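A.B. asks: Following this message is one structure expressed as structure tokens.
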Amino acid sequence: MCAKVVAITGSPGTGKSTLAKQLTDLGFQVRTVEAIALEAGALSQQNGQQEIDTSKLGSWAQSGTETCVIDGHLSHYCSIDAVIVLRCNPKNLRQRLTNREGYGPEKIESNVEWELLGGVWSELITLHPSANVLELDTTDQGIEIQTVVDFLENPDLAESVEHSVENSIDWIRLSFAAESI
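All letters in the sequence shown, in the order written, are residues 12 to 192 by my numbering.
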């Protein structure tokens, strides 16, 4: 059981599972959002696929002394203390998702648009405005694991979602700035 709960979230293809594996290898307790959904009674079958009822994820609670990390693009719907947001330039993300099995054109476009608009931030500002946040760009480089470990060990040193959202990665603004150079 855990006392502090930290979500790893971001669009599919941004590196959440890769980061989760690295943290597991370092001895952190990492759980998938699907496992949490199963415990919370938030899983159902829709059109032959498993669906997660995000409204039920918020009722899930963990207790204990060990930090718990939840891996998944819906993990920020859980009751959390802090959040790691992984981002990737939409052009690069499109390529990553094109190479991923089970991702057709509509699913790819939907996820690329969500990343372009910074959709996860709109959910975070509503769900967890006071949660501490670490945003990382995974476009061209791997994740500096020590930065993540430092955040997990001292999340109170980071700014809250409501104080970070204005400085979050804005792919639209960045693409216009690049075009004007």
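For every residue, glycine included, the Cβ atom is placed at its ideal position computed from N, Cα and C.
Predicted model only: the values in this text are computed from it and were never measured.
My output table needs one value for arginine 98: the three-state DSSP class, helix, strand or coil.
C.D. replies: In the sequence shown, the residue the question calls residue 98 occupies position 87. Arginine 98: strand per DSSP, three-state reduction.
A.B. asks: Glutamine 152 by DSSP, collapsed to three states: which one?
C.D. replies: Sequence index remark: in the sequence shown, residue 152 carries index 141 (1-based). It is coil, neither helix nor strand.
A.B. asks: So for isoleucine 192, helix, strand or coil by DSSP?
C.D. replies: To locate residue 192, count along the sequence shown from 1; it is residue 181. Note on isoleucine 192: pLDDT 43, under 50, position unreliable in the model; no value is reported.
A.B. asks: Use the C-beta contact count for aspartate 151: other C-beta atoms within 10 angstroms, 16 or more gives buried, fewer gives exposed.
C.D. replies: Translated into positions along the sequence shown, residue 151 becomes position 140. Under this definition aspartate 151 is an exposed residue.
A.B. asks: Taking glutamate 126 as part of the alpha helix (DSSP H), name the residues at either end of that continuous run.
C.D. replies: Translated into positions along the sequence shown, residue 126 becomes position 115. First-last of the alpha helix (DSSP H) with glutamate 126: 116 to 128.
A.B. asks: Do glutamate 126 and cysteine 99 count as a contact pair if the criterion is CB distance below 8 Å?
C.D. replies: Residue numbering aside, residue 99 sits at position 88 when the sequence shown is read from its first letter. Residue numbering aside, residue 126 sits at position 115 when the sequence shown is read from its first letter. Cβ atoms of cysteine 99 and glutamate 126: closer than 8 Å.
A.B. asks: Could you tell me which of Asp181, Asp161, Gly24 and Gly153 sits nearest to alanine 93, measuring between CA atoms?
C.D. replies: Here the question's residue 93 lines up with position 82 in the sequence shown. Taking only the C-alpha atoms, the option nearest alanine 93 is Asp161.
A.B. asks: Can at least three beta-carbon pairs, one atom from the stretch 15 to 34 and one from the stretch 95 to 111, be found at a separation below 8 Å?
C.D. replies: yes
A.B. asks: What's the C-alpha gap between leucine 30 and glutamine 40?
C.D. replies: Looking up residue 30 in the sequence shown gives position 19. Looking up residue 40 in the sequence shown gives position 29. Each residue's Cα considered, the two are about 12 Å apart.
A.B. asks: Does asparagine 122 pass the burial test, meaning 16 or more other C-beta atoms within 10 Å, or should it be called exposed?
C.D. replies: Against the sequence shown, residue 122 aligns to sequence position 111. The residue in question, asparagine 122, is buried, as its Cβ has 16 or more Cβ neighbours within 10 Å.
A.B. asks: Less than 8 Å between the CB atoms is what I'm expecting for leucine 147 and isoleucine 154, so what's the real figure, rounded?
C.D. replies: Position 136 of the sequence shown, counted from the first residue, corresponds to residue 147. Position 143 of the sequence shown, counted from the first residue, corresponds to residue 154. The pair is a contact, with the Cβ atoms about 6 Å apart (cut-off 8 Å).
A.B. asks: With H, G and I counted as helix, E and B as strand and the rest as coil, what does DSSP make of threonine 78?
C.D. replies: For this step, residue 78 is matched to residue 67 along the sequence shown. Three-state DSSP puts threonine 78 in a strand.
A.B. asks: Can you tell me whether DSSP reads cysteine 180 as helix, strand or coil?
C.D. replies: As a position in the sequence shown, residue 180 is number 169, starting the count at 1. It should be noted that the sequence gives isoleucine, not cysteine, for residue 180. Coil at isoleucine 180, not helix or strand.
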